[in-house]
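K.L.:
For the sequence shown, the working numbering assigns the number 108 to the initial residue and increments by one for each residue that follows.
For each residue, glycine too, the CB sits at the ideal point set by N, CA and C.
Quick caveat, the model's predicted, so the values are computed rather than measured.
Let me give you the structure first, and then I'll get to my questions.
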Amino acid sequence: MEIDHAEIVFRADGAVETAPPEIVPAGTSDVVVMAHGWNNDAAAARSLFEAWRARLADALDAVPAPTVRRVATLGVIWPSQQFALPATTTPQQLQEHLGAVAATAAPADRDALAAAGAQVPALDTADGRDAFASRLVDVIGARTGLDEPAVPLLAEGSTLRTAAGVRPTDLDPPPEGVPHGAVATVPEAAAAGLFGADSLLGGAVQLANLATFYVMKDRAGVVGEQGVGPFLAERLPADGPRLHLVGHSFGARLVTAAALSAPGHRSSAVTHSLSLLQAAFSHYAFAEKWGDPGQAGSFRGLLTQGGLVGPMLVSHTRNDEAVGLAYALASRFRDQIGSALGGPGDPYGGLGSNGAQLTPEVTPDEPRLRPVGEPYHLVPRRVHNLLADAFVHDHGDVRGPEIGHALAAAIACGATL
Numbered sequence: 108m109e110i111d112h113a114e115i116v117f118r119a120d121g122a123v124e125t126a127p128p129e130i131v132p133a134g135t136s137d138v139v140v141m142a143h144g145w146n147n148d149a150a151a152a153r154s155l156f157e158a159w160r161a162r163l164a165d166a167l168d169a170v171p172a173p174t175v176r177r178v179a180t181l182g183v184i185w186p187s188q189q190f191a192l193p194a195t196t197t198p199q200q201l202q203e204h205l206g207a208v209a210a211t212a213a214p215a216d217r218d219a220l221a222a223a224g225a226q227v228p229a230l231d232t233a234d235g236r237d238a239f240a241s242r243l244v245d246v247i248g249a250r251t252g253l254d255e256p257a258v259p260l261l262a263e264g265s266t267l268r269t270a271a272g273v274r275p276t277d278l279d280p281p282p283e284g285v286p287h288g289a290v291a292t293v294p295e296a297a298a299a300g301l302f303g304a305d306s307l308l309g310g311a312v313q314l315a316n317l318a319t320f321y322v323m324k325d326r327a328g329v330v331g332e333q334g335v336g337p338f339l340a341e342r343l344p345a346d347g348p349r350l351h352l353v354g355h356s357f358g359a360r361l362v363t364a365a366a367l368s369a370p371g372h373r374s375s376a377v378t379h380s381l382s383l384l385q386a387a388f389s390h391y392a393f394a395e396k397w398g399d400p401g402q403a404g405s406f407r408g409l410l411t412q413g414g415l416v417g418p419m420l421v422s423h424t425r426n427d428e429a430v431g432l433a434y435a436l437a438s439r440f441r442d443q444i445g446s447a448l449g450g451p452g453d454p455y456g457g458l459g460s461n462g463a464q465l466t467p468e469v470t471p472d473e474p475r476l477r478p479v480g481e482p483y484h485l486v487p488r489r490v491h492n493l494l495a496d497a498f499v500h501d502h503g504d505v506r507g508p509e510i511g512h513a514l515a516a517a518i519a520c521g522a523t524l
């Protein structure tokens with residue numbers, strides 16, 4: 108199948124930077140919106156989109172879907188790069204980094220990040236360290252408890268010394284430019300190499316990276332909710348095409364936020380399938396009740412308010428190396444040891460590790476990512492946790508033919524509605 112393609116570039120605040128006059132050709136029956144994850148520049152994002160498009164074209168030819176007449180893909184490029192500093196960072200580099208992050212951050216974070224940067228020259232004093240840490244704690248604390256538990260890293264004592272006390276000498280961060288990350292909160296941040304030094308400057312870098320991580324995580328949600336969702340509601344014709352969303356890592360959070368927000372701008376802008384590949388947010392995001400007292404996941408409304416009319420796919424595997432590295436580090440903060448760490452019962456678990464938890468819409472009938480040629484039996488408005496151990500070997504391994512096969516099945520199911 109020939110698949111048309113276009114791309115839209117969004118700014119950090121969700122504003123459109125560039126978009127073609129016509130986002131899908133006339134006669135398109137289904138549009139597939141694709142979003143990349145963190146640490147991808149435009150070239151890496153385009154490479155991922157091209158791989159997905161090629162796999163999807165092959166798979167759609169093999170999937171019986173008479174209503175899928177013409178498919179177009181729409182790549183969403185968003186600023187996801189300004190992220191982790193290496194452990195060898197100098198004070199000047201740390202200060203410049205915080206200034207750069209502040210320049211593109213939301214107004215609520217801008218002053219705190221800039222103030223933290225101003226304290227870098229004083230990190231050799233106790234007052235300077237505490238002032239630096241307190242401003243970054245303002246950034247971190249504003250984001251805990253939204254769709255996942257708060258970070259106990261900041262519970263007591265000097266936050267900077269707590270961060271500096273982590274000595275994961277057996278763990279190295281991924282190579283620069285390699286997509287990484289897997290799950291929510293501290294674990295996700297740790298996987299990016301955020302906790303790799305043991306000096307006071309190293310502690311400052313770690314805490315800065317953790318704060319920057321939260322800014323980037325929020326950015327994915329903002330671009331989805333305030334950018335992609337309204338854009339699709341406005342620019343897609345009211346009488347079609349059917350909308351399908353695919354996201355990897357933080358991009359999964361982005362497309363989920365878009366799916367939740369789009370119907371609020373136009374009631375017919377519903378999602379006909381949602382595919383979350385190694386998603387980098389909480390496994391309680393769609394939960395009916397989690398925690399004590401029980402509360403709904405932050406994206407629960409997508410399943411209860413009619414925004415999703417087709418199937419949801421969630422690929423998950425503990426092969427995602429970032430999950431293992433992250434939770435090994437998180438255990439140092441939380442004084443926890445054991446095989447359950449990072450697993451389905453851990454409040455810090457991620458969708459890309461465990462699938463959707465405490466979510467009654469999860470169906471047990473499709474428990475795994477299937478090989479090409481083996482048909483799926485997907486159900487609209489249900490969540491399909493697809494165990495991907497056999498085909499996804501690390502966080503970035505989402506380009507295989509089995510991924511295309513699953514995406515095609517989701518589109519075919521959604522196209523019947």
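Out of Gln402, Pro193, Pro348, which has the shortest C-alpha to C-alpha gap to Ala133?
P.N.:
Pro348
K.L.:
By the three-class DSSP mapping on this structure, what secondary structure does Gly182 have?
P.N.:
strand
K.L.:
Between Ser187 and Ala327, is the Cβ-Cβ spacing less than 9 angstroms?
P.N.:
yes
K.L.:
Mind checking whether Gly336 and His372 have CB atoms under 9 angstroms apart?
P.N.:
yes
K.L.:
Would a C-beta distance cut-off of 9 angstroms place Val116 and Ile184 closer than the cut-off?
P.N.:
yes
K.L.:
How many angstroms separate the CA atom of Arg176 from the CA atom of Pro471?
P.N.:
31 angstroms
K.L.:
Give me, in chain order, the residues of the same chain whose beta-carbon lies closer than 7 angstroms to that of Gly507; leave out the 5 immediate sequence neighbours on both sides.
P.N.:
A distance below 7 angstroms between beta-carbons, with the five flanking residues on each side excluded, links Gly507 to the following residues of its chain, in chain order: Phe498.
K.L.:
Name the one or two DSSP bridge partners that Glu114 has.
P.N.:
Gly182
K.L.:
Suppose you measure from the CA of His500 to the CA of Asp427; what does that come to, to the nearest Å?
P.N.:
For His500 and Asp427, the distance between alpha carbons rounds to 6 angstroms.
K.L.:
Please go through the same chain and pick out, in chain order, the residues whose beta-carbon is closer than 6 angstroms to the beta-carbon of Thr424, but skip the five residues on each side of it.
P.N.:
Ala495, Asp496, Val499
K.L.:
Ignore the nearest five residues each way along the sequence and tell me which others in Ala119's own chain have a CB closer than 6 angstroms to its CB.
P.N.:
Pro186, Thr211, Arg326
K.L.:
Straight-line CA distance for Ala148 to Gly358?
P.N.:
According to the sequence provided, residue 148 is Asp. The question's Ala does not apply to it. Those two C-alpha atoms are separated by around 13 angstroms.
K.L.:
Drop a sphere of 10 angstroms on the beta-carbon of His484, count the other beta-carbons inside from all chains shown, and report buried for 16 or more, exposed for fewer.
P.N.:
Classification of His484: exposed, given that the 10 Å Cβ count is below 16.
K.L.:
Mapping the DSSP letters down to three states, classify Asp531 as helix, strand or coil.
P.N.:
The first residue shown for the chain is 108 and the last is 524, placing residue 531 beyond what the model contains.
K.L.:
Give the DSSP-derived three-state secondary structure of Met419 in the structure shown.
P.N.:
Strand.
K.L.:
Using 8 angstroms as the cut-off, can you tell me whether the region 191-210 makes contact with the region 164-171, which would need three or more C-beta pairs spanning the two stretches below that distance?
P.N.:
At 8 angstroms Cβ cutoff, the stretches do not touch.
K.L.:
Using a threshold of 9 angstroms, state whether the C-beta atoms of Thr319 and Leu350 are closer than that.
P.N.:
no
K.L.:
To the nearest angstrom, how far is the alpha carbon of Gly235 from that of Pro214?
P.N.:
Cα to Cα, Gly235 sits roughly 24 angstroms from Pro214.
K.L.:
So what does DSSP say about Trp159, is it helix, strand or coil?
P.N.:
helix
K.L.:
Pick helix, strand or coil for Ser241, following the three-state DSSP scheme.
P.N.:
helix
K.L.:
Note down the Cα distance separating Ala209 from Gly121, rounded to an integer number of angstroms.
P.N.:
16 angstroms
K.L.:
Could you give the residue range of the beta strand (DSSP E) that holds Leu384?
P.N.:
378-384
K.L.:
Under a Cβ-count criterion, where at least 16 other Cβ atoms within 10 Å of its own Cβ denotes burial, should Pro478 be classed as buried or exposed?
P.N.:
exposed
K.L.:
Would you identify the three-state DSSP class for Ala213, choosing helix, strand or coil?
P.N.:
coil
K.L.:
Report yes if the C-beta distance between Leu384 and Ile518 is below 9 angstroms; otherwise report no.
P.N.:
No. Outside cutoff.
K.L.:
Helix or strand or just coil, what does DSSP make of Thr125?
P.N.:
strand
K.L.:
Could you please give the first and the last residue of the uninterrupted beta strand (DSSP E) stretch that includes Arg342?
P.N.:
Judged by DSSP secondary structure, Arg342 falls outside any beta strand (DSSP E) and instead within the alpha helix (DSSP H) spanning 336-342.
K.L.:
Just verifying my parser: in three-state terms, what is the DSSP assignment at His491?
P.N.:
strand
K.L.:
Near Ser382, which residues of its chain fall below 6 angstroms by C-beta distance, leaving aside the five closest residues on each side in sequence?
P.N.:
Val353, Leu420, Leu514, Ala517
K.L.:
Find out if the Cβ-Cβ distance for the pair Thr530, Val140 is shorter than 9 angstroms.
P.N.:
Because the chain spans 108 through 524 in this model, residue 530 falls outside it and cannot be assessed.
K.L.:
Here's the rule: buried if 16 or more other CB atoms are within 10 angstroms of the residue's CB, otherwise exposed. What is Ser368?
P.N.:
buried
K.L.:
What separation, rounded to the nearest whole angstrom, lies between the Cα atoms of Val273 and Ala311?
P.N.:
For Val273, the pLDDT reaches just 35, beneath the cut-off of 50, and the residue's location in the model is therefore unreliable, although a value from the coordinates is still provided. Roughly 12 angstroms separates the two Cα atoms.
K.L.:
Closest to Pro228 by C-alpha separation, out of Ala392, Leu201, Asp216, would be which residue?
P.N.:
Leu201
K.L.:
If I measure Cβ to Cβ from Asp245 and keep anything under 7 angstroms in the same chain, skipping five residues before and after, which residues do I get?
P.N.:
Ala219
K.L.:
Enumerate in chain order the residues of its own chain whose CB-to-CB distance from Asp111 is below 6 angstroms, with the five nearest sequence positions on each side excluded.
P.N.:
Pro132, Ala179
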